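Report on one structure; see the data block that follows.
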Amino acid sequence: MNTQLQTGPLTTSTKTIGKTGVLIVNLGTPDSPNTPDVRRYLREFLMDGRVIDIPYVSRWMLINFIIAPFRAPKSAKVYKELWTEEGSPLKTYGYTVEEMLQKALGGDYVVKLAMRYQNPSIASGLAELQKLGLSKITVIPFFPQYASASTGSVYEEVMRILATWQVMPELRFVNRFLDHPKFIEGFVRLGRRYLSERKYDHVLFSYHGLPERQILKGDVTNKQCKLGSCCDTLNRHNQFCYRAQCFETTRLLVKELGLAEGTYTTSFQSRLGRTPWIKPYTDDVIKDLARRGIKSVLALSPSFVADCLETTIEIGDEYRELFKEVGGEHWQLVESLNDSEIWVETLVDLVKKA
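Count the sequence shown with full-length UniProt numbering and you get residues 1 to 354, in order.
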């Protein structure tokens, strides 16, 4: 039998074979501010073993017998304060960004919005992308700093779903973007606008908190993390430490804003339960600032790219009330990047360099 071998190099078209899917993923939001929908959201969110990292049976009992029944009605009242005519701000901004990013990337890309919890789900977004016969899928979790409970959870859910696919396109994840120049510039522009309007005694950078045990579990070497001065620099040893990443974000913003040492603080909010969370706590910092005679504070939350319950309500309203209760006079929240052009420019860059 004669076999003729092709001696020349195998070649393919230089053009992309098929399109690239882009799945942008934020944390999630209830479908409505009504108690049943809020309860459903809390159950899905808090049953994630990366969010409440305790044994399954204990987690199930805690959430279904204590948190969901008692917290849902209270949370529903707060969500009603947040809700707009268009719905949840987190979802509203998400859909606008989806549209803007699609327009900016052009026809070689297909952009889909997803939420890690509730709707539109990661499963539905991936199902839509699967039908298109894509060459690549790029997943961008909307979390500037990596944490197992946020970015890590998105990774796990995406891979769980793709594991059932017979054909898997090339998959790329954006791990974090806390030091992306345009991300930093976006918050700097917002901060400068407020700083130009009046003089503030202090600038507070408040990040979402995490239990200390999750930070310690993330130190795979069991040698680096001390939850203290080890976060003063971000290096190869602590590159995935959420706390260290937050302090690095503050350093980058402080440098561009030109803030003097002693005029700013990094803190962490939204703790739940009695176990220790990463410190310093934002509410304790606020009380301390008032005791020191600080009368006006500009607050930023660079762990959120879209305004939500934790920014608009917690930082914007609840912390303002606390600040005034302990002697403060003026409290101003800086909004998130939301649907700004520079946020979309950041995403375009992340997609093309993924």
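Beta carbons are placed, not taken as given, at the ideal position from N, Cα and C, and that holds for glycine.
All figures in this text were calculated on a predicted structure; none of them were measured in a lab.
**Prompt:** Ala76 bridges to which residues according to DSSP?
**Reply:** Translated into positions along the sequence shown, residue 76 becomes position 76. Answer is none; Ala76 lacks a bridge partner.
**Prompt:** Do residue 404 and Leu129 have their CB atoms nearer than 9 Å?
**Reply:** Outside the modelled stretch of the chain, which goes from 1 to 354, sits residue 404, for which no answer is possible.
**Message:** Only counting the same chain, and skipping five residues up and downstream in sequence, which positions put a Cβ closer than 7 Å to that of Gly133?
**Reply:** On the sequence shown, position 133 is the one that residue 133 refers to. Same-chain partners within the cutoff: Gly18.
**Request:** Spell out a yes or no on whether the stretch 178 to 195 and the stretch 241 to 254 are touching, meaning 3 or more CB-CB pairs, one atom from each, closer than 8 Å.
**Result:** yes
**Message:** Using the Cβ count rule (16 or more neighbours within 10 Å means buried), how would you classify Lys15?
**Reply:** Along the sequence shown, read from residue 1 onward, the residue named residue 15 stands at position 15. Residue placement at Lys15 cannot be trusted, given a pLDDT of 47 that sits under 50; the coordinates are not used to answer.
**Item:** Any alpha helix (DSSP H) of 4 or more consecutive residues that is wholly inside the stretch 213 to 266
**Value:** 242 to 257
**Message:** My assumption, with CB atoms under 8 Å, is that Ile122 sits in contact with Ile161. Please give the rounded CB distance.
**Reply:** Taking the first residue of the sequence shown as position 1, residue 122 is located at position 122. Taking the first residue of the sequence shown as position 1, residue 161 is located at position 161. Yes, they are in contact, since the Cβ atoms of Ile122 and Ile161 sit about 7 Å apart, within 8 Å.
**Message:** Taking the beta strand (DSSP E) that Gln332 belongs to, which residues open and close that run?
**Reply:** If you number the sequence shown from 1, residue 332 lands on position 332. Unbroken beta strand (DSSP E) run through Gln332: His330 to Leu333.
**Prompt:** Looking at the structure shown, is Tyr319 part of a helix, part of a strand, or coil, going by DSSP?
**Reply:** The residue given as residue 319 occupies position 319 in the sequence shown. Note: Tyr319 maps to helix in three-state DSSP.
**Counterpart residues of Gln269 in DSSP-defined beta bridges** = Along the sequence shown, one-based indexing puts residue 269 at 269. Paired residue(s): His208.
**Prompt:** Taking three-plus beta-carbon pairs below 8 Å as touching, is the stretch 333 to 340 in contact with the stretch 186 to 200?
**Reply:** yes
**Request:** Mark Phe70 as exposed unless 16 or more other C-beta atoms lie within 10 angstroms of its C-beta, in which case mark it buried.
**Result:** Against the sequence shown, residue 70 aligns to sequence position 70. Exposed is the call here.
**Request:** With a floor of 4 residues, list each alpha helix (DSSP H) that falls wholly inside the stretch 83 to 137, ordered by position along the chain.
**Result:** 89 to 105 and 122 to 130
**Asked** With 16 as the cutoff for other CB atoms within 10 Å, does Asn2 come out buried or exposed?
**Response** Position 2 of the sequence shown, counted from the start, is the residue given in the question as residue 2. The pLDDT assigned to Asn2 is 43, lower than 50, so where the model puts this residue is not dependable, and the model offers no usable value.
**Message:** For Ala163 and Ile315, I'd like the C-alpha separation in whole angstroms.
**Reply:** Your numbering for residue 163 matches position 163 in the sequence shown. Your numbering for residue 315 matches position 315 in the sequence shown. Rounded to whole angstroms, Ala163 to Ile315 spans 39 Å at the Cα level.
**Prompt:** Counting pairs of beta carbons, one from the stretch 205 to 220 and one from the stretch 144 to 156, are three or more of them closer than 8 Å?
**Reply:** yes
**Request:** With a threshold of 16 other CB atoms inside 10 Å of the CB of Leu216, please say whether the residue is buried or exposed.
**Result:** Stepping through the sequence shown from its first residue, residue 216 is reached at position 216. With fewer than 16 other Cβ atoms within 10 Å, it is exposed.
**Request:** Compute the distance between the beta-carbons of Val203 and Ala290, then report whether it is under 9 Å.
**Result:** Numbered from 1 along the sequence shown, position 203 holds the residue referred to as residue 203. Numbered from 1 along the sequence shown, position 290 holds the residue referred to as residue 290. Cβ distance not < 9 Å, so Val203 and Ala290 don't count as in contact.
**Request:** Could you tell me whether the Cβ atoms of Leu82 and Thr282 are closer together than 9 Å?
**Result:** Taking the sequence shown and counting its residues from 1, one reaches residue 82 at position 82. Taking the sequence shown and counting its residues from 1, one reaches residue 282 at position 282. In this structure, Thr282 does not lie closer than 9 Å to Leu82 by Cβ.
**Asked** What residues match up with Ile66 in a beta bridge as DSSP calls it?
**Response** Locating residue 66 in the sequence shown gives position 66, counting from the first residue. Answer by DSSP bridge pairing: none, since Ile66 is not bridged.
**Cα-Cα separation, Phe304 to Ile342** = For this step, residue 304 is matched to residue 304 along the sequence shown. For this step, residue 342 is matched to residue 342 along the sequence shown. Answer to the nearest angstrom: the Cα atoms are 15 Å apart.
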